[in-house]
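Engineer:
This is the structure:
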(Lines of atoms letter the chains of each structure in order from A; the text may use other names.)
(Lines give C-alpha, C1' and ligand atoms only; values in the text may rest on other atoms or scores of the structure.)
Protein backbone atom coordinates (compact mmCIF):
# COMPACT_ATOMS: atom_id res chain seq x y z
CA UNK A 1 0.00 0.00 0.00
CA UNK A 2 2.80 2.42 0.95
CA UNK A 3 4.57 1.75 -2.35
CA UNK A 4 1.37 2.49 -4.28
CA UNK A 5 0.84 5.77 -2.41
CA UNK A 6 4.42 6.84 -3.03
CA UNK A 7 4.12 5.91 -6.70
CA UNK A 8 0.89 7.91 -7.00
CA UNK A 9 2.45 11.08 -5.57
CA UNK A 10 5.60 10.57 -7.62
CA UNK A 11 3.59 10.34 -10.84
CA UNK A 12 1.49 13.34 -9.81
CA UNK A 13 4.58 15.46 -9.15
CA UNK A 14 6.20 14.27 -12.36
CA UNK A 15 3.08 15.19 -14.35
CA UNK A 16 3.02 18.69 -12.84
CA UNK A 17 6.70 19.13 -13.69
CA UNK A 18 6.07 18.04 -17.28
CA UNK A 19 3.16 20.51 -17.53
CA UNK A 20 5.40 23.30 -16.22
CA UNK A 21 8.14 22.48 -18.74
CA UNK A 22 5.60 22.24 -21.59
CA UNK A 23 4.21 25.67 -20.73
CA UNK A 24 7.68 27.20 -20.65
CA UNK A 25 8.60 25.64 -23.99
CA UNK A 26 5.35 26.38 -25.85
CA UNK A 27 4.16 29.50 -24.06
CA UNK A 28 0.73 27.88 -23.75
CA UNK A 29 -1.20 26.51 -20.78
CA UNK A 30 -2.52 22.94 -20.80
CA UNK A 31 -6.02 24.03 -21.89
CA UNK A 32 -4.54 25.83 -24.90
CA UNK A 33 -2.38 22.88 -25.85
CA UNK A 34 -5.36 20.52 -25.72
CA UNK A 35 -7.59 22.76 -27.84
CA UNK A 36 -4.90 23.42 -30.43
CA UNK A 37 -3.67 19.83 -30.73
CA UNK A 38 -6.90 17.82 -30.45
CA UNK A 39 -9.83 17.94 -32.87
CA UNK A 40 -13.33 18.73 -31.54
CA UNK A 41 -15.22 15.79 -30.07
CA UNK A 42 -14.80 13.32 -27.25
CA UNK A 43 -11.00 13.33 -27.42
CA UNK A 44 -10.81 17.06 -26.76
CA UNK A 45 -13.69 17.36 -24.29
CA UNK A 46 -12.54 14.45 -22.13
CA UNK A 47 -9.00 15.88 -21.95
CA UNK A 48 -10.36 19.30 -21.01
CA UNK A 49 -12.59 17.71 -18.37
CA UNK A 50 -9.69 15.74 -16.90
CA UNK A 51 -7.48 18.83 -16.84
CA UNK A 52 -10.11 20.93 -15.07
CA UNK A 53 -10.97 18.26 -12.50
CA UNK A 54 -7.32 17.58 -11.62
CA UNK A 55 -6.40 21.26 -11.28
CA UNK A 56 -5.35 22.68 -7.92
CA UNK A 57 -7.31 25.85 -8.65
CA UNK A 58 -10.88 25.92 -7.27
CA UNK A 59 -12.19 28.00 -10.18
CA UNK A 60 -11.06 25.35 -12.65
CA UNK A 61 -12.29 22.46 -10.47
CA UNK A 62 -15.73 24.03 -10.04
CA UNK A 63 -16.10 24.99 -13.70
CA UNK A 64 -17.29 21.48 -14.61
CA UNK A 65 -20.35 21.84 -12.39
CA UNK A 66 -21.53 25.41 -13.01
CA UNK A 67 -25.03 26.25 -14.20
CA UNK A 68 -25.27 26.34 -18.02
CA UNK A 69 -26.16 30.05 -17.87
CA UNK A 70 -22.88 30.75 -16.06
CA UNK A 71 -20.61 29.03 -18.58
CA UNK A 72 -19.80 32.18 -20.57
CA UNK A 73 -18.74 34.08 -17.43
CA UNK A 74 -16.77 31.05 -16.29
CA UNK A 75 -14.85 30.98 -19.58
CA UNK A 76 -14.03 34.69 -19.17
CA UNK A 77 -12.76 34.00 -15.64
CA UNK A 78 -10.60 31.10 -16.86
CA UNK A 79 -9.12 33.23 -19.64
CA UNK A 80 -8.29 35.94 -17.10
CA UNK A 81 -6.81 33.42 -14.65
CA UNK A 82 -4.60 31.94 -17.37
CA UNK A 83 -3.70 35.43 -18.65
CA UNK A 84 -4.93 34.62 -22.13
CA UNK A 85 -5.86 37.55 -24.34
CA UNK A 86 -9.20 36.70 -26.02
CA UNK A 87 -8.45 39.09 -28.87
CA UNK A 88 -5.24 37.20 -29.67
CA UNK A 89 -6.84 33.77 -29.03
CA UNK A 90 -10.51 34.21 -30.09
CA UNK A 91 -11.05 30.54 -30.97
CA UNK A 92 -9.91 29.28 -27.57
CA UNK A 93 -12.91 30.74 -25.75
CA UNK A 94 -15.27 29.22 -28.31
CA UNK A 95 -13.61 25.80 -27.97
CA UNK A 96 -13.66 25.87 -24.17
CA UNK A 97 -17.30 26.94 -24.15
CA UNK A 98 -18.27 24.04 -26.42
CA UNK A 99 -16.44 21.61 -24.13
CA UNK A 100 -18.01 22.99 -20.96
CA UNK A 101 -21.49 22.86 -22.48
CA UNK A 102 -20.96 19.15 -23.12
CA UNK A 103 -19.43 18.46 -19.70
CA UNK A 104 -22.09 20.35 -17.73
CA UNK A 105 -24.83 19.02 -20.02
CA UNK A 106 -23.78 15.40 -19.41
CA UNK A 107 -23.95 15.98 -15.65
CA UNK A 108 -27.41 17.53 -15.95
CA UNK A 109 -28.58 14.70 -18.21
CA UNK A 110 -27.67 12.18 -15.52
CA UNK A 111 -29.82 14.14 -13.05
CA UNK A 112 -32.75 14.26 -15.49
CA UNK A 113 -32.55 10.54 -16.26
CA UNK A 114 -32.18 9.69 -12.57
CA UNK A 115 -35.31 11.69 -11.77
CA UNK A 116 -37.34 9.68 -14.30
CA UNK A 117 -35.87 6.42 -13.02
CA UNK A 118 -36.87 7.24 -9.46
CA UNK A 119 -40.44 8.22 -10.36
CA UNK A 120 -42.67 5.14 -10.01
CA UNK A 121 -45.43 4.33 -12.45
CA UNK A 122 -48.74 5.46 -10.98
CA UNK A 123 -51.90 3.98 -12.45
CA UNK A 124 -53.85 6.84 -10.82
CA UNK A 125 -51.90 9.40 -12.86
CA UNK A 126 -53.73 10.16 -16.16
CA UNK A 127 -50.47 11.08 -17.91
CA UNK A 128 -48.84 7.77 -17.00
CA UNK A 129 -51.89 5.85 -18.16
CA UNK A 130 -52.05 7.82 -21.40
CA UNK A 131 -48.41 6.98 -22.18
CA UNK A 132 -48.98 3.29 -21.49
CA UNK A 133 -52.04 3.10 -23.72
CA UNK A 134 -50.21 5.00 -26.44
CA UNK A 135 -47.43 2.40 -26.26
CA UNK A 136 -49.97 -0.31 -27.08
CA UNK A 137 -51.42 1.70 -29.98
CA UNK A 138 -47.97 2.31 -31.47
CA UNK A 139 -46.91 -1.32 -31.25
CA UNK A 140 -50.27 -2.93 -32.10
CA UNK A 141 -52.10 -0.33 -34.22
CA UNK A 142 -54.44 -2.89 -35.81
CA UNK A 143 -55.42 -4.64 -32.58
CA UNK A 144 -57.39 -2.55 -30.05
CA UNK A 145 -56.76 -3.20 -26.36
CA UNK A 146 -59.89 -4.83 -24.97
CA UNK A 147 -59.34 -3.71 -21.37
CA UNK A 148 -56.75 -1.84 -19.27
CA UNK A 149 -56.14 -4.97 -17.20
CA UNK A 150 -55.71 -7.66 -19.82
CA UNK A 151 -53.63 -10.66 -20.83
CA UNK A 152 -53.09 -8.84 -24.13
CA UNK A 153 -50.18 -6.98 -22.54
CA UNK A 154 -48.20 -10.20 -22.78
CA UNK A 155 -48.37 -9.84 -26.57
CA UNK A 156 -45.94 -6.91 -26.42
CA UNK A 157 -43.72 -8.53 -23.82
CA UNK A 158 -45.04 -7.62 -20.39
CA UNK A 159 -45.15 -10.35 -17.76
CA UNK A 160 -48.75 -10.12 -16.59
CA UNK A 161 -52.08 -8.46 -17.16
CA UNK A 162 -50.99 -5.12 -15.64
CA UNK A 163 -47.69 -3.64 -16.92
CA UNK A 164 -47.29 -1.25 -13.97
CA UNK A 165 -45.56 -3.96 -11.94
CA UNK A 166 -42.89 -4.38 -14.62
CA UNK A 167 -41.81 -0.73 -14.35
CA UNK A 168 -40.72 -1.04 -10.72
CA UNK A 169 -37.04 -1.49 -11.55
CA UNK A 170 -36.57 1.53 -13.84
CA UNK A 171 -39.61 3.63 -13.02
CA UNK A 172 -40.98 5.96 -15.68
CA UNK A 173 -37.67 5.88 -17.53
CA UNK A 174 -38.50 2.42 -18.89
CA UNK A 175 -41.88 3.61 -20.19
CA UNK A 176 -40.42 6.80 -21.66
CA UNK A 177 -37.83 4.83 -23.61
CA UNK A 178 -40.23 2.17 -24.86
CA UNK A 179 -42.73 4.79 -26.00
CA UNK A 180 -40.02 6.84 -27.70
CA UNK A 181 -38.86 3.77 -29.62
CA UNK A 182 -42.40 2.74 -30.58
CA UNK A 183 -43.40 6.27 -31.56
CA UNK A 184 -40.31 7.62 -33.32
CA UNK A 185 -39.14 4.38 -34.95
CA UNK A 186 -42.46 2.60 -35.34
CA UNK A 187 -41.48 0.35 -38.24
CA UNK A 188 -38.29 -0.86 -36.54
CA UNK A 189 -40.02 -1.34 -33.17
CA UNK A 190 -42.89 -3.32 -34.71
CA UNK A 191 -40.46 -5.48 -36.68
CA UNK A 192 -38.37 -6.27 -33.61
CA UNK A 193 -41.55 -7.03 -31.66
CA UNK A 194 -42.65 -9.40 -34.43
CA UNK A 195 -39.25 -11.11 -34.47
CA UNK A 196 -39.28 -11.48 -30.68
CA UNK A 197 -42.50 -13.49 -30.93
CA UNK A 198 -40.93 -16.09 -33.22
CA UNK A 199 -40.32 -19.39 -31.36
CA UNK A 200 -36.66 -19.65 -32.34
CA UNK A 201 -35.62 -16.21 -31.03
CA UNK A 202 -38.41 -15.67 -28.50
CA UNK A 203 -38.02 -13.04 -25.79
CA UNK A 204 -40.32 -10.57 -24.00
CA UNK A 205 -40.02 -7.32 -25.97
CA UNK A 206 -41.15 -4.90 -23.23
CA UNK A 207 -39.19 -6.62 -20.46
CA UNK A 208 -36.05 -6.63 -22.59
CA UNK A 209 -36.66 -2.95 -23.37
CA UNK A 210 -36.75 -2.16 -19.65
CA UNK A 211 -33.59 -4.25 -19.20
CA UNK A 212 -31.82 -2.38 -22.01
CA UNK A 213 -32.96 0.86 -20.36
CA UNK A 214 -31.06 -0.32 -17.28
CA UNK A 215 -28.01 -1.03 -19.44
CA UNK A 216 -28.19 2.44 -21.05
CA UNK A 217 -28.65 4.03 -17.62
CA UNK A 218 -25.55 2.32 -16.23
CA UNK A 219 -23.50 3.30 -19.28
CA UNK A 220 -24.59 6.90 -18.71
CA UNK A 221 -23.93 7.02 -14.95
CA UNK A 222 -20.56 5.26 -15.23
CA UNK A 223 -19.40 7.85 -17.76
CA UNK A 224 -18.96 5.30 -20.55
CA UNK A 225 -21.41 7.20 -22.77
CA UNK A 226 -19.31 10.37 -22.63
CA UNK A 227 -17.43 9.16 -25.70
CA UNK A 228 -20.67 8.85 -27.65
CA UNK A 229 -22.37 12.03 -26.46
CA UNK A 230 -19.28 14.22 -26.75
CA UNK A 231 -19.01 13.07 -30.37
CA UNK A 232 -22.66 13.43 -31.40
CA UNK A 233 -23.96 16.37 -29.34
CA UNK A 234 -22.27 19.61 -30.45
CA UNK A 235 -23.45 21.26 -27.23
CA UNK A 236 -25.27 19.80 -24.22
CA UNK A 237 -26.59 16.23 -24.62
CA UNK A 238 -30.33 16.00 -24.00
CA UNK A 239 -32.88 13.39 -22.98
CA UNK A 240 -33.64 12.92 -26.69
CA UNK A 241 -30.01 11.94 -27.26
CA UNK A 242 -30.28 9.39 -24.45
CA UNK A 243 -33.51 7.96 -25.86
CA UNK A 244 -31.96 7.77 -29.32
CA UNK A 245 -29.09 5.82 -27.77
CA UNK A 246 -31.66 3.46 -26.28
CA UNK A 247 -33.13 2.92 -29.76
CA UNK A 248 -29.66 2.07 -31.05
CA UNK A 249 -29.05 -0.38 -28.19
CA UNK A 250 -32.41 -2.08 -28.75
CA UNK A 251 -31.69 -2.50 -32.44
CA UNK A 252 -28.15 -3.76 -31.84
CA UNK A 253 -29.14 -6.09 -29.01
CA UNK A 254 -31.82 -7.67 -31.18
CA UNK A 255 -29.24 -8.37 -33.90
CA UNK A 256 -26.78 -9.64 -31.31
CA UNK A 257 -29.42 -11.94 -29.78
CA UNK A 258 -30.06 -13.52 -33.19
CA UNK A 259 -26.32 -13.87 -33.87
CA UNK A 260 -25.79 -15.60 -30.51
CA UNK A 261 -28.66 -18.02 -31.29
CA UNK A 262 -29.40 -18.82 -27.61
CA UNK A 263 -31.12 -22.05 -26.68
CA UNK A 264 -33.84 -20.22 -24.75
CA UNK A 265 -34.59 -17.11 -22.69
CA UNK A 266 -32.62 -18.59 -19.77
CA UNK A 267 -29.48 -17.49 -21.61
CA UNK A 268 -30.56 -13.86 -21.55
CA UNK A 269 -28.20 -12.75 -18.77
CA UNK A 270 -25.20 -14.33 -20.50
CA UNK A 271 -26.04 -12.70 -23.83
CA UNK A 272 -26.75 -9.35 -22.19
CA UNK A 273 -23.44 -9.34 -20.34
CA UNK A 274 -21.56 -10.21 -23.52
CA UNK A 275 -23.40 -7.43 -25.36
CA UNK A 276 -22.60 -5.00 -22.55
CA UNK A 277 -18.88 -5.77 -22.81
CA UNK A 278 -19.04 -5.33 -26.57
CA UNK A 279 -20.56 -1.84 -26.24
CA UNK A 280 -18.05 -0.87 -23.55
CA UNK A 281 -15.19 -1.90 -25.82
CA UNK A 282 -16.60 0.20 -28.66
CA UNK A 283 -16.90 3.21 -26.36
CA UNK A 284 -13.22 3.00 -25.46
CA UNK A 285 -12.50 4.38 -28.92
CA UNK A 286 -12.47 8.21 -28.54
CA UNK A 287 -13.86 8.57 -32.07
CA UNK A 288 -16.80 6.24 -31.42
CA UNK A 289 -20.39 7.38 -31.95
CA UNK A 290 -23.24 4.92 -31.51
CA UNK A 291 -25.07 6.38 -34.49
CA UNK A 292 -28.49 4.80 -34.96
CA UNK A 293 -29.78 3.84 -38.37
CA UNK A 294 -33.24 5.15 -37.62
CA UNK A 295 -35.30 7.95 -39.12
CA UNK A 296 -35.56 9.56 -35.69
CA UNK A 297 -31.79 10.04 -35.59
CA UNK A 298 -31.68 12.47 -38.49
CA UNK A 299 -32.63 15.51 -36.42
CA UNK A 300 -30.71 14.47 -33.32
CA UNK A 301 -27.32 13.24 -34.40
CA UNK A 302 -24.87 15.78 -35.71
CA UNK A 303 -21.39 14.48 -36.33
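In full-length UniProt numbering, the protein residues as written are 1 to 303. By construction, the Cβ of each residue, glycine as well, lies at the ideal position given by its N, Cα and C atoms.
Which one of 107, 171 and 143 has the shortest CA to CA distance from residue 123?
Structural biologist: Locating residue 123 in the chain shown gives position 123, where the first residue counts as 1. Measuring from the Cα of residue 123, the nearest candidate turns out to be 171.
Engineer: Does DSSP classify residue 284 as helix, strand or coil?
Structural biologist: Mapped onto the chain shown, residue 284 falls at position 284. Looking at residue 284 - three-state DSSP - the assignment turns out to be coil, as it is neither helix nor strand.
Engineer: How big is the Cα-Cα spacing for residue 253 and residue 212?
Structural biologist: Working through the chain shown from its first residue, we reach residue 253 at position 253. Working through the chain shown from its first residue, we reach residue 212 at position 212. Each residue's Cα considered, the two are about 8 Å apart.
Engineer: Is there contact between the region 228–241 and the region 38–56, where contact requires at least three CB pairs shorter than 8 Å?
Structural biologist: Because the criterion of three Cβ pairs below 8 Å is met, the region 228–241 and the region 38–56 touch.
Engineer: Does the count of Cβ pairs from the region 237–247 and the region 175–184 closer than 8 Å reach three?
Structural biologist: Result yes; three or more Cβ-Cβ pairs closer than 8 Å.
Engineer: Would you mind reading off the limits of the alpha helix (DSSP H) that contains residue 51?
Structural biologist: The count along the chain shown starts at 1 and reaches residue 51 at position 51. Taken as a continuous stretch (DSSP letters only), the alpha helix (DSSP H) holding residue 51 covers 42–53.
Engineer: Use the C-beta contact count for residue 166: other C-beta atoms within 10 angstroms, 16 or more gives buried, fewer gives exposed.
Structural biologist: Taking the first residue of the chain shown as position 1, residue 166 is located at position 166. Per the 10 Å Cβ criterion, buried.
Engineer: How long is the line joining the alpha carbons of residue 289 and residue 34, rounded to whole angstroms?
Structural biologist: Counting from 1 along the chain shown, the entry for residue 289 is found at position 289. Counting from 1 along the chain shown, the entry for residue 34 is found at position 34. Each residue's alpha carbon lies about 21 Å from the other.
Engineer: When DSSP labels each residue in this structure, what does residue 159 get in the three-state scheme?
Structural biologist: Along the chain shown, read from residue 1 onward, the residue named residue 159 stands at position 159. Three-state result, residue 159: coil.
Engineer: Taking all protein chains shown into account, do 16 or more other C-beta atoms lie within 10 angstroms of the C-beta of residue 85, making it buried, or fewer, making it exposed?
Structural biologist: For the purposes of this step, residue 85 is taken as the residue at position 85 of the chain shown. Result: exposed.
Engineer: Per DSSP, what kind of secondary structure is residue 196 in: helix, strand or coil?
Structural biologist: By one-based count along the chain shown, residue 196 stands at place 196. If DSSP states are grouped into helix, strand and coil, residue 196 belongs with the helices.
Engineer: Would you mind working out which of 149, 143 and 117 sits nearest residue 129, comparing C-alpha positions?
Structural biologist: The residue you call residue 129 lines up with position 129 of the chain shown. Of 149, 143 and 117, the residue nearest in Cα terms is 149.
Engineer: Once you ignore the five residues that flank residue 287 on each side, which residues in its own chain have a CB closer than 8 Å to its CB?
Structural biologist: As a first step, residue 287 must be located in the chain shown, where it is residue number 287. Around residue 287: 41, 42, 43 and 231.
Engineer: Out of 281, 257 and 279, which has the shortest C-alpha to C-alpha gap to residue 270?
Structural biologist: For this step, residue 270 is matched to residue 270 along the chain shown. Nearest of 281, 257 and 279 to residue 270, Cα basis: 257.
Engineer: Is residue 173 closer than 8 Å to residue 117 when the C-beta atoms are compared?
Structural biologist: Walking along the chain shown from the start, residue 117 turns up at place 117. Walking along the chain shown from the start, residue 173 turns up at place 173. Contact flag set, yes.
Engineer: How do the region 65–81 and the region 93–112 stand: do at least 3 beta-carbon pairs fall below 8 Å, yes or no?
Structural biologist: Yes, they touch.
Engineer: If I measure Cβ to Cβ from residue 151 and keep anything under 7 Å in the same chain, skipping five residues before and after, which residues do I get?
Structural biologist: On the chain shown, residue 151 is found 151 positions in, with the first residue counted as 1. Cβ within range, chain order: 161.
Engineer: Hey, out of 98, 73, 101 and 250, whose CA is closest to residue 204's CA?
Structural biologist: Position 204 of the chain shown holds residue 204. Answer by Cα proximity: 250.
Engineer: What is the rounded straight-line gap between the Cα of residue 200 and the Cα of residue 191?
Structural biologist: Counted from its first residue, the chain shown places residue 200 at position 200. Counted from its first residue, the chain shown places residue 191 at position 191. About 15 Å.
Engineer: By the DSSP assignment, the alpha helix (DSSP H) with residue 350 in it spans what residues?
Structural biologist: The chain is shown only over 1 to 303; residue 350 falls outside these bounds and no answer can be derived.
Engineer: Which residues in the same chain as residue 210 place their Cβ atom closer than 6 Å to its Cβ, once the five residues preceding and following it in sequence are excluded?
Structural biologist: The residue given as residue 210 occupies position 210 in the chain shown. Same-chain partners within the cutoff: 170 and 174.
Engineer: In this structure, how does DSSP classify residue 39 when only helix, strand and coil are distinguished?
Structural biologist: As a working note, residue 39 is residue 39 in the chain shown. Here residue 39 sits in coil by DSSP.
Engineer: I'd like to check one pair, residue 102 with residue 206: are the Cβ atoms closer than 8 Å?
Structural biologist: Taking the first residue of the chain shown as 1, we reach residue 206 at position 206. Taking the first residue of the chain shown as 1, we reach residue 102 at position 102. No, these two residues do not count as a Cβ contact at 8 Å.
Engineer: Identify whether residue 270 lies in helix, strand or coil by the three-state DSSP scheme.
Structural biologist: What you label residue 270 is simply residue 270 of the chain shown in a count that begins at 1. It is helical.
Engineer: Just the Cα atoms here: how many angstroms apart are residue 155 and residue 194?
Structural biologist: Numbered from its first residue, the chain shown carries residue 155 at position 155. Numbered from its first residue, the chain shown carries residue 194 at position 194. If you take the alpha carbons of residue 155 and residue 194, they lie about 10 Å apart.
Engineer: Within the continuous alpha helix (DSSP H) that includes residue 211, where are the two ends?
Structural biologist: Working through the chain shown from its first residue, we reach residue 211 at position 211. Residue 211 -> alpha helix (DSSP H) spans 205–222.
Engineer: Write down the C-beta distance between residue 220 and residue 113 rounded to the nearest angstrom, noting that I regard them as a contact closer than 8 Å.
Structural biologist: Here residue 220 refers to the residue found at position 220 when the chain shown is read from its first residue. Here residue 113 refers to the residue found at position 113 when the chain shown is read from its first residue. At roughly 6 Å, the Cβ-Cβ gap stays under 8 Å, so residue 220 and residue 113 are in contact.
Engineer: State buried or exposed for residue 70, treating a residue as buried only when at least 16 other CB atoms are found within 10 Å of its CB.
Structural biologist: Position 70 of the chain shown, counted from the start, is the residue given in the question as residue 70. Result: exposed.
Engineer: What would DSSP say about residue 231, mapped onto helix, strand or coil?
Structural biologist: Mapped onto the chain shown, residue 231 falls at position 231. Helix at residue 231.
Engineer: So, is the C-beta of residue 109 closer than 8 Å to a C-beta in chain D?
Structural biologist: The chain inventory of the structure shown lacks chain D, comprising one protein chain alone.
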